[in-house]
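Visitor: Position one of the sequence shown corresponds to residue 1 (full-length UniProt numbering), numbered consecutively onward.
Ideal Cβ placement from N, Cα and C applies to all residues, glycine included.
From a predicted model like this one, the values you see are computed outputs, not experimental measurements.
This is the structure I want to talk about, given as structure tokens.
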Amino acid sequence: MSNPPPAGPSQSQPQSQQSQTEAQPQQQPQQQQPPPPPPQHGGGGGGGNGGGNNTNNISNPALDTLINEITTATNILQLNKHLRSFTQSESREMILGSCMSGGRDPLLVLDVHRHTLGYLYLLSARFSYASVNVPNLPLVAEFCRGFDPAQARLAPDRVTMLAKGIVQAAEHSNILSAIIPPLFDLVTRYPPTRSHLTTLHPIFLRTCVSTRHFSSALPVLSYPITSIDTSLSDLTYNDHLVYHYAGGMALAALKRWADAEEFFEICVSAPAQAPAAVQMEALKKLTLVQLILYGKTKSVPKYTNQGLVRLLKSSPYGGLVRAYPSDQDTLNATLEKEEKLFTTDRNIGLLKQTMERAPRWRIKKLTETYITLSLHEIGRNIGIADVTRVRAMVLSMIEDNDIHATISADGTVTFDDPVPEYTKAQVEQVLAEAQAQTFHLAELDRAVGRSKEFLHKALKNKDDGAWGGEDLMGEKGASWAEEPLF
């Protein structure tokens, strides 16, 4: 990928200074240009600037000294302390995004694995504060593939800053799909185990979903989250919600309905003082997934905020649930009337699949009442007059093990009782997995019981004489209620 040509020295000067220089070219021709003022952008995440070989055109002697300290450091903790102190101001971050003397790129001087910490500070600063917009993907990929996780964990905020900078730069250059492999390396190599949740997880999942690379998320989603370490990553409550919401979207797109249901339910049932906007969106999708999976909705966990449930019941989604799957006329009327809402919620795709499944669930209900029915009678009950279409639907349900039935030559369908589907070996395997999960949950319970946070809260509640109604997610639980997800 070619990078845009760097701006010449005269381009980095204010207009008045440039005019003066052009008018007096004979004065101090070798004088070094002053560094440009910091770019205007909001927050520490940067304005979508790039990285790689394209650095600021201005060299800075302070960077030469810093690179020497990085390459000769013998105490990594002291180096991290020094780098953290060095980057306290935006002007210092600009130094990290500049060139060494002679125009050398400092990233080409450092070794990715041996000098991971210094490389991380420079690369993250370059994405956020340098003067170019196109990332050098080979350098990004090299770092994500070869960095030393132990060194990177000393600066979790810089890891988050780097990941956000990569995404912002890729969005600016319209190459989001190209950064999925390096982000995958980052999210799988940085945490101590695949079961640790980090700030990288929601960033990676959102990228996969927004680019529709749903299958790329599966290797990450296949590991259940069991560990959260705030010293490892500057996590927020919203990171947890976004990860499980985006994960549910990816799984639903792949028609892995049971897994999608689990992810949406985790998002919906997360405790907080007030429900977040993303939880309401997750509940809508959870409802549609359950209609596809079961033909009806299931009760949410008791600890779910009941305000979410009441809001859903009073919405068009509640009317959809009450009519599903039998009342086809009401379903069609609701879809037509609320099409704008469903489109705004980006649930049209799920709704179409929900409606396609409705006749199948009506056939499923017939098996609870009848032993035999003709294809014509089944069609009349489910509202489909085309017998050929009814036959194809019944055969599809038999193949998918949705029903157990046979179709005779004259078109009579005989419903049978379901046959046991599990062998002894499969049952033993399920039991072994359940025992392993029980052991793991017991270990987690003991770890929570020993944690300082739990003991402090337990003692506080004991002294106050109150255990119920406590917000387990901290005082900031309500602050995400009005935040947009994407």
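Reducing DSSP to helix, strand and coil, say where S101 ends up.
Guide: Here residue 101 corresponds to residue number 101 of the sequence shown, with the count starting at 1. Looking at S101 - three-state DSSP - the assignment turns out to be helix.
Visitor: Just the Cα atoms here: how many angstroms apart are V309 and S299?
Guide: What you label residue 309 is simply residue 309 of the sequence shown in a count that begins at 1. What you label residue 299 is simply residue 299 of the sequence shown in a count that begins at 1. For the pair V309 and S299, the Cα-to-Cα distance works out to about 10 Å.
Visitor: Would you say the region 335-355 touches the region 376-385, given that touching needs at least three Cβ pairs under 8 Å?
Guide: no
Visitor: Find the nearest neighbour of A150 within the set L120, H172, S216, L139, judged by alpha-carbon distance.
Guide: Locating residue 150 in the sequence shown gives position 150, counting from the first residue. Per the Cα distances, L120.
Visitor: Classify Q28 as helix, strand or coil using the three-state DSSP reduction.
Guide: Residue numbering aside, residue 28 sits at position 28 when the sequence shown is read from its first letter. For Q28, the pLDDT reaches just 41, beneath the cut-off of 50, and the residue's location in the model is therefore unreliable, leaving the point undetermined.
Visitor: Give the DSSP-derived three-state secondary structure of S326 in the structure shown.
Guide: As a first step, residue 326 must be located in the sequence shown, where it is residue number 326. The answer is coil: DSSP assigns S326 none of H, G, I, E or B.
Visitor: Throw me the rounded Cβ distance for the H240 and L197 pair, which I believe falls under 8 Å.
Guide: Counting from one through the sequence shown, the residue named residue 240 turns up at place 240. Counting from one through the sequence shown, the residue named residue 197 turns up at place 197. Contact flag correct, Cβ pair sits at about 7 Å.
Visitor: Assuming C208 and I180 form a contact by the criterion Cβ under 8 Å, report the distance between their Cβ atoms to the nearest whole angstrom.
Guide: In the sequence shown, residue 208 corresponds to position 208, counting from 1. In the sequence shown, residue 180 corresponds to position 180, counting from 1. About 6 Å separates the two Cβ atoms, so the contact holds.
Visitor: Per DSSP, what kind of secondary structure is F415 in: helix, strand or coil?
Guide: Counted from its first residue, the sequence shown places residue 415 at position 415. Three-state result, F415: strand.
Visitor: Assuming contact is defined by CB atoms lying nearer than 9 Å, are R92 and A155 in contact in what I supplied?
Guide: Counting from one through the sequence shown, the residue named residue 92 turns up at place 92. Counting from one through the sequence shown, the residue named residue 155 turns up at place 155. For R92 and A155, no; Cβs fall outside 9 Å.
Visitor: Just verifying my parser: in three-state terms, what is the DSSP assignment at L197?
Guide: For this step, residue 197 is matched to residue 197 along the sequence shown. Looking at L197 - three-state DSSP - the assignment turns out to be strand.
Visitor: Using only CA atoms, which one of L375, Q88, N401 lies nearest to A409?
Guide: Locating residue 409 in the sequence shown gives position 409, where the first residue counts as 1. Cα-wise, what sits closest to A409 is L375.
Visitor: Can you give me the C-alpha to C-alpha distance between L455 and G449, rounded to a whole angstrom?
Guide: Against the sequence shown, residue 455 aligns to sequence position 455. Against the sequence shown, residue 449 aligns to sequence position 449. When rounded, the distance between both Cα atoms is 7 Å.
Visitor: Any heavy atom of the ligand FMN closer than 8 Å to the CB of D111?
Guide: This structure lacks the ligand FMN, and indeed carries no ligand of any kind.
Visitor: For L154, does the three-state DSSP call read helix, strand or coil?
Guide: In the sequence shown, residue 154 corresponds to position 154, counting from 1. In the structure shown, L154 sits in coil (DSSP, three-state: anything other than H, G, I, E or B).
Visitor: Pairing CB atoms from the region 395-409 with CB atoms from the region 423-441, are three or more of them under 8 Å?
Guide: no
Visitor: If you count every other CB in all the chains shown that lies within 10 Å of the CB of P192, and 16 or more means buried, which is it?
Guide: Stepping through the sequence shown from its first residue, residue 192 is reached at position 192. By the neighbour-count rule (16 or more Cβ atoms within 10 Å), P192 is not buried but exposed.
Visitor: Would you kindly work out how many angstroms separate the C-alpha atoms of Q429 and I175, rounded to a whole number?
Guide: As a working mapping, residue 429 is identified with position 429 in the sequence shown. As a working mapping, residue 175 is identified with position 175 in the sequence shown. Each residue's Cα considered, the two are about 44 Å apart.
Visitor: Applying the 10 Å Cβ sphere with the 16-neighbour rule, what's the burial state of V427?
Guide: Residue 427 sits at position 427 when you count from the first residue of the sequence shown. Here V427 is exposed, its C-beta having fewer than 16 other C-beta atoms within 10 Å.
Visitor: Rounded to a whole number of angstroms, what is the C-alpha to C-alpha distance between S195 and S222?
Guide: One-based indexing of the sequence shown puts residue 195 at position 195. One-based indexing of the sequence shown puts residue 222 at position 222. The alpha-carbon atoms of S195 and S222 are separated by roughly 9 Å.
Visitor: Under three-state DSSP, which class holds T372?
Guide: By 1-based counting over the sequence shown, the position of residue 372 is 372. The answer is strand: DSSP assigns T372 an E or B state.
Visitor: Determine, using beta carbons only, whether L123 and I76 come nearer to each other than 9 Å.
Guide: Your numbering for residue 123 matches position 123 in the sequence shown. Your numbering for residue 76 matches position 76 in the sequence shown. No, these two residues do not count as a Cβ contact at 9 Å.
Visitor: Name the residue from P219, T74, Y245 whose alpha carbon lies nearest to the alpha carbon of R206.
Guide: The residue you call residue 206 lines up with position 206 of the sequence shown. The candidate whose alpha carbon is nearest that of R206 is Y245.
Visitor: So, is I371 buried or exposed, given that buried needs 16 or more other C-beta atoms within 10 angstroms?
Guide: On the sequence shown, position 371 is the one that residue 371 refers to. Flag for I371 reads exposed.
Visitor: In the DSSP output, which residue or residues are listed as bridge partners for T343?
Guide: Looking up residue 343 in the sequence shown gives position 343. T343 pairs with nothing; no bridge assigned.
Visitor: Quick one: is K337 buried, meaning 16 or more other Cβ sit within 10 Å of its Cβ, or exposed?
Guide: Walking along the sequence shown from the start, residue 337 turns up at place 337. Under this definition K337 is an exposed residue.
Visitor: Taking 8 Å as the cut-off, does the region 256-275 touch the region 318-329 (at least 3 CB pairs, one atom from each stretch)?
Guide: no
Visitor: Counting only the same chain and skipping the five closest in sequence on each side, list residues whose C-beta sits under 8 Å from that of S326.
Guide: Position 326 of the sequence shown, counting from 1, holds the residue named residue 326. If we look at S326 and ignore the five residues flanking it on each side, its Cβ neighbours are R362, K365.
Visitor: Excluding five sequence neighbours on each side, which residues of the same chain lie with their C-beta closer than 6 Å to the C-beta of T236?
Guide: One-based indexing of the sequence shown puts residue 236 at position 236. Correct list: empty, nothing qualifies.
Visitor: Within a Cβ cutoff of 6 Å, which residues of the same chain sit near Q40, ignoring the five residues on either side of it in sequence?
Guide: What you label residue 40 is simply residue 40 of the sequence shown in a count that begins at 1. In this prediction, Q40 scores a pLDDT of 35, lower than 50, which makes its location untrustworthy; the coordinate-derived value is nonetheless stated afterwards. Cβ neighbours of Q40 beyond the five flanking positions: none.
Visitor: So, under 8 Å CB-CB, S216 and F263 are touching, yes? Tell me the CB distance rounded to an integer number of Å.
Guide: To locate residue 216, count along the sequence shown from 1; it is residue 216. To locate residue 263, count along the sequence shown from 1; it is residue 263. Contact doesn't hold; Cβ gap of about 16 Å is too wide.
Visitor: Going by DSSP in three states, T406 sits in which element: helix, strand or coil?
Guide: Numbered from its first residue, the sequence shown carries residue 406 at position 406. In this structure, T406 counts as strand in the three-state DSSP scheme.
Visitor: Here's the rule: buried if 16 or more other CB atoms are within 10 angstroms of the residue's CB, otherwise exposed. What is Y129?
Guide: To locate residue 129, count along the sequence shown from 1; it is residue 129. Its Cβ being crowded by 16 or more others within 10 Å, Y129 is buried.
Visitor: With distance defined between alpha-carbon atoms, name the residue in E90, N68, A252 nearest to S101.
Guide: Numbered from its first residue, the sequence shown carries residue 101 at position 101. It is N68 whose Cα lies nearest to the Cα of S101.
Visitor: What does I228 pair with, by DSSP beta-bridge criteria?
Guide: Taking the sequence shown and counting its residues from 1, the one referred to as residue 228 is at position 228. L197, per the DSSP bridge assignment.
Visitor: Nearest by alpha-carbon distance to L218: which of T406, L200, L232, G248 is it?
Guide: Counted from its first residue, the sequence shown places residue 218 at position 218. Looking at the Cα atoms, G248 is the closest of the given residues.
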